[in-house]
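First the structure, in the form of structure tokens, and then the observations on it.
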Amino acid sequence: MRLPLIAPADLTDAQKPLYDDMKAGIATNFNDFTVLADNGALMGPWNPWLHEPVIGKAVWDLTKAMSMQATLPDAPRQIAILVTGAHFDAAYELYAHIAVAEREKMSAARLSALCANIKPTDLDPQESVAYDVAFALVNGGVLPEPCYALAVETFGQHGANELIYLVGLYALVSMTLNGFNVPVPERD
Numbered sequence: 101m102r103l104p105l106i107a108p109a110d111l112t113d114a115q116k117p118l119y120d121d122m123k124a125g126i127a128t129n130f131n132d133f134t135v136l137a138d139n140g141a142l143m144g145p146w147n148p149w150l151h152e153p154v155i156g157k158a159v160w161d162l163t164k165a166m167s168m169q170a171t172l173p174d175a176p177r178q179i180a181i182l183v184t185g186a187h188f189d190a191a192y193e194l195y196a197h198i199a200v201a202e203r204e205k206m207s208a209a210r211l212s213a214l215c216a217n218i219k220p221t222d223l224d225p226q227e228s229v230a231y232d233v234a235f236a237l238v239n240g241g242v243l244p245e246p247c248y249a250l251a252v253e254t255f256g257q258h259g260a261n262e263l264i265y266l267v268g269l270y271a272l273v274s275m276t277l278n279g280f281n282v283p284v285p286e287r288d
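In my numbering, each number is its position in the sequence shown, counted from 1, plus 100.
Take a look at the structure:
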């Protein structure tokens with residue numbers, strides 16, 4: 101880990117409100133995996149964001165909008181997030197969203213395929229579209245017209261937009277995690 105964890109007692113005046121907002125949001129939306137160190141410091145992408153509170157707040161606000169106001173069904177969301185995390189080999193992202201997917205009863209075989217950058221054979225139509233859009237986007241270039249058109253047909257224009265933004269957000273999360281070499285906590 102390239103940035104030390106910041107204990108609550110060591111937060112600056114600029115970091116404290118962001119920490120409080122992140123901790124409250126995490127408690128209600130990101131509680132399937134470990135996010136707090138024993139001393140109360142935030143782990144995962146939240147720690148690097150705290151180190152740069154102006155940038156961190158902007159990214160956190162986007163994260164809140166994308167998670168707390170999501171309209172896409174959760175299974176396609178998790179597929180897109182896992183495709184993105186697997187593409188970038190973002191260990192903490194995979195750790196966190198595997199935990200979410202397991203809570204939602206995603207099979208070990210499906211998780212294994214997603215983490216190996218392989219399209220699972222048991223996806224429903226919405227999940228398949230989410231996979232294809234995420235896979236195409238993380239591999240670069242313009243999203244192919246058939247993928248885009250099918251996303252709009254499947255999720256509506258707003259849902260297709262949300263899916264594209266979701267992949268972009270989790271690419272940013274992956275870069276944060278990989279750039280700062282954020283470790284994965286031990287699983288219980």
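Note that beta-carbon positions come from the ideal geometry of N, C-alpha and C, so glycine has one too.
Treat the numbers as computed from the prediction; the structure is a model and nothing was measured.
Delimiting residues of the alpha helix (DSSP H) encompassing residue i
i      : result
Lys157 : Pro153 to Met168
Phe188 : Asp174 to Phe188
Leu237 : Pro225 to Val238
Residue burial classification, residue i (beta-carbon count within 10 angstroms, cutoff 16)
i      : result
Asn147 : buried
Tyr270 : buried
Inter-residue Cα distance where the pair is residue i and residue j
i      : j      : result
Asp174 : Val135 : 21 Å
Leu277 : Ala190 : 6 Å
Thr128 : Met168 : 9 Å
Gln257 : Ala201 : 26 Å
Ala199 : Glu193 : 10 Å
Ser274 : Arg287 : 20 Å
Pro176 : Leu103 : 33 Å
Ile106 : Ile179 : 32 Å
Nearest neighbour of residue i, chosen from the options [CA to CA]
i      : options                           : result
Ile126 : Cys247, Arg203, Asp113 and Ala196 : Ala196
Gly140 : Pro108, Trp160 and Asp121         : Pro108
Val154 : Arg177, His187 and Asp113         : Asp113
Val159 : Met122, Tyr248, Gln178 and Pro176 : Met122
Leu214 : Ile181, Glu152, Val242 and Lys205 : Ile181
Glu245 : Val233, Phe255 and Leu272         : Val233
Val183 : Phe235, Phe130 and Thr254         : Phe235
Cβ-Cβ distance between residue i and residue j below 8 Å
i      : j      : result
Met101 : Pro285 : no
Val252 : Ala260 : yes
Leu118 : Leu162 : no
Arg210 : Asp224 : no
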